[in-house]
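K.L.:
Mind having a look at this structure? Questions to follow.
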């Protein structure tokens, strides 16, 4: 939901210093247009195991974390992966579930040979029902005023 109406979105991950916040997260974007006002959210993440993390945008002491599972990486590990695919599924009061799926790229454009369609096919092959997900496309690249 955070990304809705945002353009030029970025996600910055950095090493934290506290044991309850080993990873600092800052998600941001420009509201409404590539030169619009900046909207950002600070959060923290902790590693559960392997590529499974838990992320919160509330104070860590509240213990409200969401799963953040890196389900695939694209690119050369030695050069730093270029694209990651991330899935999350949250139970809301045991009544319903909310699923989210993100494609994160190190660059504004996907690498050569990688398409949105191929990533959706890969997600489907991994068991993610992409047809049930709402899609939020964001403008990236030339017109964006990154900071």
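Numbering (this note's numbering), first residue to last: 3 to 149. All residues carry an ideal CB built from backbone N, CA and C; glycine is no exception.
(1) Per DSSP, what kind of secondary structure is residue 39 in: helix, strand or coil?
(2) Under 8 Å by Cβ, that's how I've got residue 25 and residue 18 pegged, so tell me the actual separation to the nearest angstrom.
(3) Looking only at its chain, what residues have a beta carbon closer than 8 Å to the beta carbon of residue 140, apart from the 5 residues adjacent to it on each side?
(4) Given a threshold of 16 other Cβ atoms within 10 Å of its Cβ, counted over all protein chains shown, does residue 29 qualify as buried or as exposed?
(5) If you count every other CB in all the chains shown that lies within 10 Å of the CB of residue 142, and 16 or more means buried, which is it?
(6) When we look at the beta-carbon of residue 65 and count the other beta-carbons within 10 Å, is it buried (16 or more) or exposed?
(7) Any chance you could list the alpha helix (DSSP H) runs of at least 4 consecutive residues sitting entirely within the stretch 30-104, in chain order?
(8) Kindly indicate which residue of 98, 104, 109, 113 has the alpha-carbon position closest to the one of residue 122.
(9) Tell me whether the beta-carbon of residue 112 lies closer than 8 Å to the beta-carbon of residue 85.
(10) From residue 137 to residue 118, what distance separates their C-alpha atoms?
(11) Could you please give the first and the last residue of the uninterrupted alpha helix (DSSP H) stretch that includes residue 125?
P.N.:
Inspection of the coordinates gives the following:
(1) Against the chain shown, residue 39 aligns to sequence position 37. Coil.
(2) Residue numbering aside, residue 25 sits at position 23 when the chain shown is read from its first letter. Residue numbering aside, residue 18 sits at position 16 when the chain shown is read from its first letter. Contact holds; Cβ gap of about 6 Å.
(3) If you number the chain shown from 1, residue 140 lands on position 138. Only 5, 8, 9, 10, 11, 31 meet the Cβ criterion.
(4) On the chain shown, residue 29 is found 27 positions in, with the first residue counted as 1. Result: buried.
(5) The count along the chain shown starts at 1 and reaches residue 142 at position 140. Classification of residue 142: buried, given that the 10 Å Cβ count is 16 or more.
(6) Here residue 65 refers to the residue found at position 63 when the chain shown is read from its first residue. That one is exposed.
(7) none
(8) Residue 122 sits at position 120 when you count from the first residue of the chain shown. Looking at the Cα atoms, 104 is the closest of the given residues.
(9) The residue labelled residue 112 in the question sits at position 110 within the chain shown. The residue labelled residue 85 in the question sits at position 83 within the chain shown. It is a contact, given that the beta carbons lie within the stated cut-off.
(10) The sequence position of residue 137 within the chain shown is 135, counting from 1. The sequence position of residue 118 within the chain shown is 116, counting from 1. In a straight line, the C-alpha of residue 137 is about 11 Å away from that of residue 118.
(11) Reading the chain shown from its first residue, position 123 is the one you call residue 125. Segment 118-127, the alpha helix (DSSP H) holding residue 125.
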